[in-house]
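Structure record follows, encoded as structure tokens.
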Amino acid sequence: MKENNGGLGITGVSDCLNELSRVVVDSALVVHRELGPGLLESVYEACLCEELRSRNLRVDRQAKLAIHYRGKELDADFRLDLLVEGQLILELKAVDTILPIHKAQLLTYLKLTQCRLGLLINFNVPLIKDRIHRLAN
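Read in my numbering, the sequence shown has 86 at position 91, and its numbers run on one by one without any break.
Below you can see the structure in the form of structure tokens.
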């Protein structure tokens, strides 16, 4: 097991970021318990945003992601579903199955933003706790 240096966990994610992700997961559970599966992704996004803000967290909804290519910033109109406290990316889905491309998408967002941690959350399931994927950069 990797030694815990300077508040970094086994994955290299800080204790603070790990705690933030715990609060987000708890918030997603609350939203899912309240709404259940079967709604549009945008509904879960709005409700999760509200739940996180009620916990005094700073949340940017549909945060613009700048794309830099060959030294130029391009307007590619990429958006992050939710960015929590400027450091945790949430990619929300309401699909039957999470596909490898969904994980690849979040990993690319982590790379482009230099954020360390992201959560891929699928709300279209009977039991949400089994469909939250934690990805680290």
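Glycine included, every Cβ here is placed at the ideal spot set by N, Cα and C.
Predicted, not measured: the structure shown is a model, and the values here were computed from it.
Compute every distance between the C-beta of residue i and the non-hydrogen atoms of the ligand PLP, then say whether any falls below 7 Å.
i	result
residue 122	As presented, the structure is devoid of all ligands, the ligand PLP included, so that no description of it is given.
If we count the other Cβ atoms within 10 Å of its Cβ and call it buried at 16 or more, is residue i buried or exposed?
i	result
residue 37	exposed
residue 76	buried
residue 88	buried
residue 22	buried
residue 11	exposed
residue 39	buried
residue 27	buried
residue 15	buried
residue 113	buried
residue 83	buried
residue 19	buried
residue 104	buried
residue 90	exposed
residue 132	buried
residue 94	exposed
residue 45	exposed
Leaving aside the five residues before and after residue i along the sequence, list all residues of the same chain whose C-beta is less than 8 Å from its C-beta, in chain order.
i	result
residue 66	none
residue 24	123, 124
residue 130	98, 101, 102, 105, 112, 113, 114, 115
Going by DSSP in three states, residue i sits in which element: helix, strand or coil?
i	result
residue 3	Any reading at residue 3 needs caution, since the residue's pLDDT is 41, under 50, leaving its predicted position unreliable; the model's value is listed next. Strand at residue 3.
residue 184	Only positions -4 to 132 of the chain appear in the structure, and residue 184 is not among them; the question remains open.
residue 135	This structure cannot settle anything about residue 135, because the visible part of the chain is limited to -4 through 132.
residue 102	helix
residue 112	strand
residue 123	helix
So, for residue i: in the same chain, excluding its five sequence neighbours on each side, which residues have a beta-carbon less than 6 Å away from its beta-carbon?
i	result
residue 116	23, 87, 127
residue 55	78
residue -1	With a pLDDT of 31 at residue -1, under the threshold of 50, the modelled position of this residue cannot be trusted; read the value that follows with caution. If we look at residue -1 and ignore the five residues flanking it on each side, it has no Cβ neighbours.
residue 8	111, 112, 131
Apart from the five residues just before and just after residue i, which ones in its own chain have a Cβ nearer than 7 Å to its Cβ?
i	result
residue 69	62
residue 73	60, 62
With a cut-off of 8 Å, do at least 3 Cβ pairs link the region 114 to 126 to the region 27 to 35? yes
At what residue ranges does the region 45 to 90 contain a whole run of the alpha helix (DSSP H), taking only runs of 4 or more? none
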